[in-house]
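In my numbering, the protein residues as written are 7 to 636. Just so it is clear, CB atoms sit at the ideal spot from N, CA and C, and this is done for glycine as well. Keep in mind the model is a prediction, meaning the values are calculated, not measured.
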Amino acid sequence: MSYEDVYSSWKTHPDAFWMKAAEAIDWVEPPSKALFSENAPLYEWFSDGMVNTCWNAVDRHVEAGRGEQLAIIHDSPITHSTKGITYRELRDRVASLAGALKAKGVGKGDRVIIYMPMVPEALEAMLACSRLGAIHSVVFGGFAAHELAVRIDDATPKAIIAASCGLEPGRVVHYKPLLDAAIDQAKHKPDFCVILQREQEVAKLVEGRDFGWHAFQYGVEPADCVPVEGNHPVYILYTSGTTGAPKGVVRPTAGHLVALNWTMKNLYNVGAGDVFWAASDVGWVVGHSYICYGPLIAGCTTIVFEGKPVGTPDAGTFWRVIQNHKVKSFFTAPTALRAIKREDPNGELIKEYNLRHLQALFLAGERADPDTIKWAQRHLRVPVIDHWWQTETGWAIAGNPLGIEELPVKIGSPSVPMPGYDVKVLDEGGHPVKSGDLGAIAVKLPLPPGTLPGLWNAEERFRKSYLTQFPGYYETGDAGYIDEDGYLYIMARTDDVINVAGHRLSTGAMEEVLAGHDDVAECAVIGVADQLKGQMPLGFLCLNKGTNRPSEEIVKECVKLVRNQIGPVAAFKLACVVDRLPKTRSGKILRATMVKIADGETYKMPATIDDPAILDEIATALKGLGYPSQ
Numbered sequence: 007m008s009y010e011d012v013y014s015s016w017k018t019h020p021d022a023f024w025m026k027a028a029e030a031i032d033w034v035e036p037p038s039k040a041l042f043s044e045n046a047p048l049y050e051w052f053s054d055g056m057v058n059t060c061w062n063a064v065d066r067h068v069e070a071g072r073g074e075q076l077a078i079i080h081d082s083p084i085t086h087s088t089k090g091i092t093y094r095e096l097r098d099r100v101a102s103l104a105g106a107l108k109a110k111g112v113g114k115g116d117r118v119i120i121y122m123p124m125v126p127e128a129l130e131a132m133l134a135c136s137r138l139g140a141i142h143s144v145v146f147g148g149f150a151a152h153e154l155a156v157r158i159d160d161a162t163p164k165a166i167i168a169a170s171c172g173l174e175p176g177r178v179v180h181y182k183p184l185l186d187a188a189i190d191q192a193k194h195k196p197d198f199c200v201i202l203q204r205e206q207e208v209a210k211l212v213e214g215r216d217f218g219w220h221a222f223q224y225g226v227e228p229a230d231c232v233p234v235e236g237n238h239p240v241y242i243l244y245t246s247g248t249t250g251a252p253k254g255v256v257r258p259t260a261g262h263l264v265a266l267n268w269t270m271k272n273l274y275n276v277g278a279g280d281v282f283w284a285a286s287d288v289g290w291v292v293g294h295s296y297i298c299y300g301p302l303i304a305g306c307t308t309i310v311f312e313g314k315p316v317g318t319p320d321a322g323t324f325w326r327v328i329q330n331h332k333v334k335s336f337f338t339a340p341t342a343l344r345a346i347k348r349e350d351p352n353g354e355l356i357k358e359y360n361l362r363h364l365q366a367l368f369l370a371g372e373r374a375d376p377d378t379i380k381w382a383q384r385h386l387r388v389p390v391i392d393h394w395w396q397t398e399t400g401w402a403i404a405g406n407p408l409g410i411e412e413l414p415v416k417i418g419s420p421s422v423p424m425p426g427y428d429v430k431v432l433d434e435g436g437h438p439v440k441s442g443d444l445g446a447i448a449v450k451l452p453l454p455p456g457t458l459p460g461l462w463n464a465e466e467r468f469r470k471s472y473l474t475q476f477p478g479y480y481e482t483g484d485a486g487y488i489d490e491d492g493y494l495y496i497m498a499r500t501d502d503v504i505n506v507a508g509h510r511l512s513t514g515a516m517e518e519v520l521a522g523h524d525d526v527a528e529c530a531v532i533g534v535a536d537q538l539k540g541q542m543p544l545g546f547l548c549l550n551k552g553t554n555r556p557s558e559e560i561v562k563e564c565v566k567l568v569r570n571q572i573g574p575v576a577a578f579k580l581a582c583v584v585d586r587l588p589k590t591r592s593g594k595i596l597r598a599t600m601v602k603i604a605d606g607e608t609y610k611m612p613a614t615i616d617d618p619a620i621l622d623e624i625a626t627a628l629k630g631l632g633y634p635s636q
């Protein structure tokens, strides 16, 4: 079947389509139907089925005779170690941890916060919770104590599972003092904590509250899988909200299983026994969907990587991992690829490795600029697939479904909507715009299985954030357009569409042009307040390693490029060279914060920022350009 056939079969008979996909999952009691719309616009999927996530991700593969296959490969260039865990070993380790949690009173519906680095035990903790029907909430390891405290108060966990430390190139991140401070600050107190002591740092345990990982499990009875209803939450994942308060995205069990399993074959073209690697972190949605659950549900071998794209030890580390572990499908963020490209612009390090098993590279997390895609295509010689999704959706809204049909790649587009997503581009009044016109991207309700049915304990906030702006639609918060072939283009967050003298312009389109300059490794464009035109675009340029031309010359050329390719209407005249851009730990550029600095507004330090010192560097650069102007 072609993509068109598959998409139209979903559109014609959505219930039948998803019931068919559900057959690939092991059910304790199969659902009577796919969609439950009694509480529309709050939809649910497979609600009356009974199922267990951990069984589908672990036990069933052992039962099917594949217990000796590797489930997890842990590769840590920071500790110079690699280890493999088979499906049988994973089942036994998860059942043991679940048994210990159960013995301490953790059961179905209880919340457990997980605060861990990139080690296999992080996945074991997630799976042990889902084995019991407990709801986990993974908080990015090393998150500030205040932010962790906010999540403790929102999720009210019975227990917290953490590690003594995390490891970054050249430094140890002390997790335990952050955890202790967060528990002190939080109104809600967990009953107990489980601490994985790493050899790089042994943390001090609080008597009566804290238990060491191994001692905690000593002599316990392993736990069996607990069946839960299809609409029972498997996890809560906090994503930053516009108000500064985190939003707890809820992921329902059955839809999550069905959707992720469907994507592994149809989107990523991998199956049982294949090696899949998502170079992300368990603290982000990619880590949930495609380090832990998706690959394991499909019976793949998943890679847990503790390192960075550059500096552990060099810009060739990704290619070493792909070669050594025979990775078939690789998924990373454009920002990681840009970091590699900046260090190794001619792809010399790629030539040192044998990447013959690699079938495709997938990019997501933010817009993949055409220059980075072309660089990867040229040096890797495999399909480079941009795809687009969000924490809220849990899997791709739009992509190129390699397992169904490899569609022509249009650089700058994440391709076409996946089954389940009826994507529209709307004007401010909620009316569809014509092909090629910029507008707000929205998805017609209901959203497909695996997407958020709501926010944790915040139904009103869910409605207001996603369902109110365009009744009958889910508002993505992204702006873009659909071309005459049905390909979607994501140009910016809705907030990043700037209004220059009445012209609505995409900062993403300008970034695309700037990234095409030979000396530019990475860039960002923001809209700053202007008395005459309302807003003016301002560019930040990071240069390739080894560039030794005057910055003023490069800025002049970049201004000319935007003028030539977008036109004088863009009024692009201001740009500066900076050493780095402020980003979240998942690689998203903090454009909104940069705008606030430029406009002289007060701002809250983003909880997810990778290095707060970069904001001072940006402020200095802006000062040199005369911003803020007040």
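I31 to A304 span [Cα, whole Å]: C-alpha separation (whole angstroms): 10 Å.
Where R97 falls: helix, strand or coil (DSSP): DSSP places R97 in helix when its eight states are reduced to three.
Between the CA atoms of A382 and N352 - distance to the nearest angstrom: For N352 and A382, the distance between alpha carbons rounds to 10 Å.
Given E205 as reference, the closest of T85, F368, V291 once Cα atoms are compared: Of all alpha-carbon atoms in T85, F368, V291, the one lying nearest the alpha-carbon of E205 is that of T85.
Run of the beta strand (DSSP E) containing W283, from where it starts to where it stops: Taken as a continuous stretch (DSSP letters only), the beta strand (DSSP E) holding W283 covers 281-284.
Beta-carbon proximity list for P638, same chain, < 6 Å, skipping 5 on both sides: Residue numbering for the chain in the displayed model covers 7 to 636; residue 638 lies beyond these limits and cannot be assessed.
Limits of the unbroken alpha helix (DSSP H) element including F146: Boundaries cannot be given for F146, as no alpha helix (DSSP H) includes it and DSSP labels it neither H nor E.
When K195, Q191, Q223 are compared against I201, the one with the closest alpha-carbon: Selected option, being the one with the closest Cα: Q223.
Completely contained alpha helix (DSSP H) runs for the region 479-541, where each covers 4 or more residues: 513-521, all fully within the region 479-541.
Contacting residues, own chain, Cβ-Cβ under 8 Å from E465 (five flanking each side not counted): Cβ neighbours of E465 within its own chain (closer than 8 Å, five residues either side excluded): L48.
Secondary structure of H142, DSSP reduced to three states: Strand at H142.
Proximity of H238 and T269 at Cβ, strictly below 8 Å: Contact check for H238 against T269 fails: the beta carbons are separated by 8 Å or more.
Option nearest E3 by Cα separation, candidates R569, T608, I572, C548: What the structure shows of the chain is the stretch from 7 to 636, and residue 3 is not part of that stretch, so it cannot be assessed.
C-beta atoms of V506 and Q571 nearer than 8 Å: Taking 8 Å as the Cβ cut-off, V506 and Q571 do not qualify as a contacting pair.
Where the alpha helix (DSSP H) through T626 begins and ends: According to the DSSP assignment, T626 belongs to the alpha helix (DSSP H) that extends over 619-630.
Euclidean distance between Cα positions of H194 and R66: The straight-line gap from Cα to Cα measures roughly 37 Å.
Residue(s) in a DSSP beta bridge with V244: In the sequence under discussion, the amino acid at residue 244 is Tyr, which differs from the Val named in the question. G254, per the DSSP bridge assignment.
Which listed residue (A155, D81, P163, Q203) has its alpha carbon closest to that of A187: The residue with the shortest Cα to Cα distance from A187 is A155.
K271 - DSSP class collapsed to helix/strand/coil: Under the three-state reduction of DSSP, K271 is assigned to helix.
6 Å CB neighbourhood of E349 in its chain, flanking five on each side removed: Around E349, the same chain offers V316, A321, K551 as residues with beta carbons nearer than 6 Å, after the five sequence neighbours per side are excluded.
Sub-8 Å separation of I242 and P196 beta-carbons: No, the Cβ-Cβ distance between I242 and P196 is not below 8 Å.
Rounded distance between the beta-carbons of G514 and A498, thought under 8 Å: Going by Cβ atoms, the distance from A498 to G514 rounds to 4 Å, so yes, they are a contact pair.
Beta carbon of L453 nearer than 8 Å to that of G478: It is not a contact, given that the beta carbons lie outside the stated cut-off.
Counted within 10 angstroms of its Cβ, other Cβ atoms place M132 as buried (16 or more) or exposed: In the assembly as shown, M132 is a buried residue. Its beta-carbon has 16 or more other beta-carbons within 10 Å.
Supposed contact pair G147 and G172 - C-beta distance, whole angstroms, cut 8 Å: Distance from G172 to G147 at the Cβ level is roughly 5 Å; contact confirmed, criterion being Cβ atoms closer than 8 Å.
Beta-bridge pairing of M56 - partner residues as DSSP gives them: Beta-bridge pairing links M56 to E35, E235.
Rounded C-alpha distance that separates R373 from K347: R373 and K347 have their C-alpha atoms some 16 Å from each other.
Bridge-paired residues (DSSP) for H180: Bridge pairing for H180: C171 [DSSP].
Spatially closest choice to A169 from E44, V179, P175, by CA coordinates: With respect to the C-alpha of A169, the residue from E44, V179, P175 having the closest C-alpha is V179.
Inter-residue spacing [alpha-carbon to alpha-carbon] between Y93 and S143: Y93 and S143: Cα-Cα distance of roughly 24 Å.
Buried or exposed (CB count within 10 angstroms, at least 16 for buried), D287: With 16 or more Cβ atoms within 10 Å of its Cβ, D287 is classed as buried.
Residue burial classification, A28 (beta-carbon count within 10 angstroms, cutoff 16): With 16 or more other Cβ atoms within 10 Å, it is buried.
Length of the line joining the Cα atoms of E235 and F42: In a straight line, the C-alpha of E235 is about 13 Å away from that of F42.
Sequence ranges, beta strand (DSSP E) only - wholly within the region 399-469, length at least 3: Correct list: 429-432, 445-450.
Those runs of the beta strand (DSSP E) which lie wholly inside the region 307-342 and span at least 3 residues: 307-311, 335-338, all fully within the region 307-342.
Inter-stretch contact at 8 Å, needing at least 3 Cβ pairs: the region 270-282 / the region 486-493: Three or more beta-carbon pairs separated by less than 8 Å are not found between the region 270-282 and the region 486-493, which leaves the two stretches without contact.
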